[in-house]
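> Next up is a structure, given as C-alpha cells.
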Amino acid sequence: MQSMTAALSPGLYAEVKKSDTHLAITQLTKRFGDFTALKQIDLEIQEGEFVCFLGPSGCGKTTLLRAIAGLAPQSSGKIIQRGCDVSTLPPQERDFGIVFQSYALFPNLTVYGNIAYGLRNRREDRHCIRARVTELLALVDLAGSESKYPAALSGGQQQRVALARALATEPSLLLLDEPLSALDARVRVNLRGQMKALQRRLGVTTIMVTHDQEEALTMADRIVVMNHGVIEQIGTPEEVYRQPVSEFVATFVGSMNFLDAVPEGSSGLRLGSQCLKCLPHGLDDSPRARLAVRPEDVALTPCTTGLSATVQGIEFLGAFLRVRLHLDDSDQPLLADVSARDAESVALAVNGRVGISLPAAAIRLYPASEVAS
Ligand SMILES: Nc1ncnc2c1ncn2[C@@H]1O[C@H](COP(=O)(O)OP(=O)(O)OP(=O)(O)O)[C@@H](O)[C@H]1O
Ligand SMILES: [Mg+2]
1 MQSMTAALSP GLYAEVKKSD THLAITQLTK RFGDFTALKQ IDLEIQEGEF
51 VCFLGPSGCG KTTLLRAIAG LAPQSSGKII QRGCDVSTLP PQERDFGIVF
101 QSYALFPNLT VYGNIAYGLR NRREDRHCIR ARVTELLALV DLAGSESKYP
151 AALSGGQQQR VALARALATE PSLLLLDEPL SALDARVRVN LRGQMKALQR
201 RLGVTTIMVT HDQEEALTMA DRIVVMNHGV IEQIGTPEEV YRQPVSEFVA
251 TFVGSMNFLD AVPEGSSGLR LGSQCLKCLP HGLDDSPRAR LAVRPEDVAL
301 TPCTTGLSAT VQGIEFLGAF LRVRLHLDDS DQPLLADVSA RDAESVALAV
351 NGRVGISLPA AAIRLYPASE VAS
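Shown next as C-alpha cells:
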C-alpha cells in the first residue's frame, strides 16, 4: 500500500486556524432510562487537533461521539462548535463527517456514488463533484476505483472510501468510531500512519474512538481516557503514559507493575523493609498505598544487599527481555524489561538473584483503596 500523498487542491481545507477552540463540551450528561452513560463531561478540543477517546468497552466513548454528532442527543449539558451552540441541532444541521467501525458504505452504489453522495445531496455542480471525487480518491490512494462496488474492495480499501466520503463535504470536524478495529493487524498499522498523515495535511479537527491504547498513543495529539461514563484523564500521549493520574489510567495504558507499599514522609515509601525515594505523593497520612512502576523502568543490578529479587522466568521478546521476578523481602511479583546487554551485566539466569533499582522519578503512588476496573 502506498502512502496517501496526492497533491491537494488549494480549496481543500485551506484555512485552518490552530489556536481557536473547535469544540467546547460542558457538563454533558447522557441517560438511558435510569442508567447514566455519561456523567457531566467537560472537554475542549482545539482547531486541527487529533483527539482519541480511549477506554474499555461500555465506558461511553461511542455515546459521547454520537452526542457530538447529534445522533444521540445529550440529556443535559452544552456543545459549542466554533462558537455556535449546536446542542439541540439535528445531525444534518451540524458540521461533521463520520466513519463507523463496520464499513457503512452503500453496497448498491459504486465507490464514486458513495463518495459523491453528500455532494449530490447538496446539489453541487456535476463537474465540481467529479473533480472533488477524483481528488479524494487520489488522497486515499484509490485513484481509478470509481466504478468498483464496495463488495469488490478489501476492508482497508472500504475504510479509505468511507474516509473519503466523510471528507467529501469538507466538514470542519471528523468523527471516527473505531474505524480500524475490523481490519487485520498489518493493514491497521499501515492505515493508522496514513490516516494520521492525511489528518495532518488537511488540518481537520478529528476525534477518534478506540479501545486500543497503542492506536491512541501513536495517533493522538491528546488522549481522553474514559471509564464508567467519566473522563479520568486528558493529556498528551506522553503525559498519560508517564503521569497517569489514577490506578485505572496506569493499568489501562501500557504495562504496569503494582506493589503494596507504605508511604513514608512526603516523598518516600517502604517496600517490605526497604526504604525508597519517590516524587512527592501527598499520601503522608495513609497507612498503605499502591506503588506503580513500568517494567522498562525497573533496573537490575548485581548488588543484592538492598532491594533484591529472585529470577523466576526470562522471556525473549526480540528487542528486549521480559524478566519475571519475585521480590525477596516483600514477597511480591515484579516484571522488568531489560536489554540483552543489561541482562548480561547481571549474569541473568532463572533462579538467580539480582538487585533491583527503582528510580524515584519512575515511581508513582496511588491510594490503596482505589480499585482498578
Ligand atoms: N441506546 C442505548 N440504550 C441503553 N443503553 C445504552 C444505549 N447505548 C449505549 N448504552 C449503554 O451506555 C454505555 C456506554 O455505551 P457506549 O456504546 O458508549 O460504550 P463504548 O465505550 O463505545 O463501548 P465499546 O468499546 O464496546 O464500543 C453502555 O453501558 C451501553 O450499554
Ligand atoms: Mg463504542
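373 is the number that the UniProt record's numbering gives the last residue of the sequence shown; the numbers go up by one with no jumps. All C-beta atoms in this analysis are idealised placements derived from N, C-alpha and C, irrespective of residue type, glycine included.
Go ahead and label arginine 364 buried or exposed: buried means 16 or more other beta carbons lie within 10 angstroms of its beta carbon, across all protein chains shown.
With 16 or more other Cβ atoms within 10 Å, it is buried.
> For alanine 216 and isoleucine 231, I'd like the C-alpha separation in whole angstroms.
Approximately 15 Å between the Cα atoms of the pair.
> Can you have a look at histidine 127 and say buried or exposed, based on whether 16 or more other CB atoms are within 10 angstroms of its CB?
Looking at its Cβ environment, which holds fewer than 16 other Cβ atoms inside 10 Å, histidine 127 is exposed.
> Please confirm whether any heavy atom of ligand 1 lies closer than 6 Å to the CB of histidine 127.
Every heavy atom of ligand 1 is 6 Å or more from the Cβ of histidine 127, so no.
> Sort out for me which residues DSSP pairs lysine 196 with in a bridge.
None, per the DSSP bridge assignment.
> Can you name the start and end residues of the beta strand (DSSP E) that residue 390 belongs to?
Within the shown structure, residues of the chain are numbered from 1 to 373, placing residue 390 beyond reach of any answer.
> Just to check, is the beta-carbon of threonine 62 closer than 6 Å to a non-hydrogen atom of ligand 4?
Ligand 4 is absent from the structure shown, which contains only ligand 1 and ligand 2.
> When the Cα of glutamate 178 is compared with those of Lys148, Phe100, Thr134, which residue comes out closest?
Glutamate 178 has its Cα closest to that of Phe100, out of Lys148, Phe100, Thr134.
> With which residues is residue 377 paired in a DSSP beta bridge?
In the structure displayed, the chain extends from 1 to 373; residue 377 sits before or after that span and is not available.
> If you measure from the CB of phenylalanine 32, is any heavy atom of ligand 1 nearer than 6 Å?
Flag set: Cβ of phenylalanine 32 near ligand 1.
> Helix, strand or coil: how does DSSP classify asparagine 351 here?
Three-state result, asparagine 351: coil.
> Please classify glutamate 351 as buried or exposed, where buried requires at least 16 other C-beta atoms within 10 Å of its C-beta.
Residue identity check: residue 351 is asparagine in the sequence provided, not glutamate. Asparagine 351 is exposed by the Cβ-count criterion.
> Classify asparagine 108 as buried or exposed, calling it buried when 16 or more other Cβ atoms lie within 10 Å of its own Cβ.
Result: exposed.
> Let me make sure I understand the geometry here. Which of Pro333, Leu321, Phe316, Glu296 has the alpha-carbon closest to that of leucine 307?
Of the listed residues, the one whose Cα sits closest to leucine 307 is Pro333.
> Less than 6 Å between C-beta atoms, sequence neighbours within five positions excluded: which residues of the same chain meet that for aspartate 337?
Excluding positions up to five away in sequence, the list reads Pro295, Glu296, Phe320, Arg322.
> For the segment 229-247 against the segment 185-200, do three or more pairs of beta-carbon atoms, one drawn from each stretch, fall closer than 8 Å, so that the two count as touching?
Result no; under three Cβ-Cβ pairs closer than 8 Å.
> My output table needs one value for alanine 309: the three-state DSSP class, helix, strand or coil.
Alanine 309 falls in the strand class under three-state DSSP.
> Within the chosen definition, does the segment 57-76 reach the segment 234-250 through at least 3 CB pairs nearer than 8 Å?
Cβ pair count under 8 Å is below three, so no.
> Say whether the segment 83-95 touches the segment 156-167, bearing in mind that this needs 3 or more beta-carbon pairs closer than 8 Å, one atom from each stretch.
At 8 Å Cβ cutoff, the stretches do not touch.
> Taking only heavy atoms of ligand 1 into account, decide whether any of them is closer than 6 Å to the Cβ of cysteine 59.
At least one heavy atom of ligand 1 is nearer than 6 Å to the Cβ of cysteine 59, so yes.
> Residue ranges of each alpha helix (DSSP H) run of no fewer than 4 residues wholly in the segment 89-134, ordered along the chain?
You should have 111-121.
> Just list the alpha helix (DSSP H) runs in the segment 49-73, keeping only unbroken ones of 4 residues or longer that don't cross its boundaries, in chain order.
Runs of the alpha helix (DSSP H) inside the segment 49-73: 61-69.
> In whole angstroms, what is the alpha-carbon distance linking alanine 166 and leucine 175?
Spanning the two alpha carbons is a distance of roughly 9 Å.
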